[in-house]
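Protein sequences appear in the order of chains V and L. Residues in the first sequence are numbered from 1 upward in steps of one, following the numbering used here. Residues in the second sequence are numbered from 1 upward in steps of one, following the numbering used here. In this text, a Cβ means the ideal position worked out from N, Cα and C, and glycines have one as well. Computed from a predicted structure; not experimentally measured.
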Amino acid sequence: AQKVTQAQTEISVVEKEDVTLDCVYETRDTTYYLFWYKQPPSGELVFLIRRNSFDEQNEISGRYSWNFQKSTSSFNFTITASQVVDSAVYFCALSERSGNTPLVFGKGTRLSVIA
Amino acid sequence: DAGVTQSPTHLIKTRGQHVTLRCSPISGHKSVSWYQQVLGQGPQFIFQYYEKEERGRGNFPDRFSARQFPNYSSELNVNALLLGDSALYLCASSLIDSIYGYTFGSGTRLTVV
Numbered sequence: 001a002q003k004v005t006q007a008q009t010e011i012s013v014v015e016k017e018d019v020t021l022d023c024v025y026e027t028r029d030t031t032y033y034l035f036w037y038k039q040p041p042s043g044e045l046v047f048l049i050r051r052n053s054f055d056e057q058n059e060i061s062g063r064y065s066w067n068f069q070k071s072t073s074s075f076n077f078t079i080t081a082s083q084v085v086d087s088a089v090y091f092c093a094l095s096e097r098s099g100n101t102p103l104v105f106g107k108g109t110r111l112s113v114i115a
Numbered sequence: 001d002a003g004v005t006q007s008p009t010h011l012i013k014t015r016g017q018h019v020t021l022r023c024s025p026i027s028g029h030k031s032v033s034w035y036q037q038v039l040g041q042g043p044q045f046i047f048q049y050y051e052k053e054e055r056g057r058g059n060f061p062d063r064f065s066a067r068q069f070p071n072y073s074s075e076l077n078v079n080a081l082l083l084g085d086s087a088l089y090l091c092a093s094s095l096i097d098s099i100y101g102y103t104f105g106s107g108t109r110l111t112v113v
């Protein structure tokens, strides 16, 4: 069975601090995809990244970076120099076999960035 | 280009009533999925449709049903509403295998009283 665990329910940081959101996943498949989504108060889920199980390269996109470690089944997300606009709920999700099968989401981490 | 559009945005229903939620995917996207997000939880998969055929169904009772139309828009129907059906219902569309995964709409917030 698939499972995604986001142990941090809420995190609060002061603007310009770095923050890391943890994600641990479980799956029996050797081919799977991991995602991060951002959910602002408006409700829609905004796609941030997709990573397949064969690509363990870390990814950096502006202030965002992702660390994928198969050995620990983790896919952590770091925001560098956080900004107030980063305040949102962040979800890690898993999709087995191909990127178009249903997503299994974690419970999310609510990030509050204080000015 | 318009994103995924859902209607209505908010809805209040009484226990036992029926509700229909609607979703229009991004132009060119043939796959539509529905998710239920209860307050404080992550979204849970309800249905996936591709080319008007049901591709997958989550662990939801038969009170939940859906369909996809020839223009790829979709409806989610819920019968005999329960208080526990109160949630944000999210629709997502995608190409058959896009690196960007799914594009989600802003959802319909359903309150059952």
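In chain order, what residues of the region 15 to 47 of chain L put their CB closer than 7 Å to some CB of chain V? Residues of the region 15 to 47 of chain L with a Cβ closer than 7 Å to any Cβ of chain V, in chain order: Ser31, Ser33, Gln41, Gly42, Pro43, Phe45.
Report the rounded CA-to-CA distance for Phe69/L versus Tyr50/L, giving the unit in angstroms. The straight-line gap from Cα to Cα measures roughly 10 Å.
Of the choices Glu56/V, Leu21/V, Ser71/V, whose alpha-carbon is the least far from that of Trp36/V? Taking only the C-alpha atoms, the option nearest Trp36/V is Leu21/V.
Mind checking whether Val89/V and Arg63/V have CB atoms under 9 Å apart? Cβ distance not < 9 Å, so Val89/V and Arg63/V don't count as in contact.
At which residues does the beta strand (DSSP E) containing His10/L begin and terminate? That run of the beta strand (DSSP E) goes 10 to 13.
Would you say Ala92/L reaches chain V, if we count a Cβ-Cβ gap shorter than 9 Å as a contact? At least one chain V Cβ lies under 9 Å of Ala92/L.
Examine the Cβ distances between the region 30 to 39 of chain L and the region 89 to 96 of chain L and report whether three or more of them are shorter than 8 Å. Contact between the region 30 to 39 of chain L and the region 89 to 96 of chain L is present, because at least three Cβ pairs lie under 8 Å.
Under the DSSP definition of a beta bridge, which residues are partnered with Ile79/V? Its beta-bridge partners are Val19/V, Tyr64/V.
With DSSP run on the structure shown, which of helix, strand or coil describes Thr30/V? The answer is coil: DSSP assigns Thr30/V none of H, G, I, E or B.
Should the region 24 to 38 of chain V be called in touch with the region 76 to 91 of chain V, which here means at least 3 C-beta pairs below 8 Å? They touch, by the three-pair rule.
What does the alpha-carbon distance come out to for the pair Gly16/L and Val113/V? About 41 Å.
Contact check, Glu116/V vs Gln83/V, beta carbons under 9 Å: Because residue 116/V is not part of the residues shown, which for chain V are 1 to 115, the question remains open.
Cut-off 8 Å between Cβ atoms - residues of its own chain near Gln8/V, not counting five sequence neighbours on either side: Sequence-distant Cβ neighbours of Gln8/V in its own chain, meaning closer than 8 Å and more than five residues away, are Leu21, Asp22, Thr109.
Across which residues does DSSP place Leu90/L in a beta bridge pair? Looking at the DSSP output, Leu90/L bridges to Tyr35/L.
With 9 Å as the threshold, decide whether the Cβ of Ser86/L is near any Cβ in chain V. Cβ-Cβ to chain V under 9 Å: no for Ser86/L.
For Gly58/L, which three-state DSSP category applies? Of the three classes helix, strand and coil, the one that applies to Gly58/L here is coil, per DSSP.
Kindly list, in the order they appear in chain L, the residues whose Cβ is closer than 8 Å to that of Pro41/V. Under a criterion of Cβ atoms nearer than 8 Å, no residue of chain L is adjacent to Pro41/V; the nearest Cβ is some 11 Å distant.
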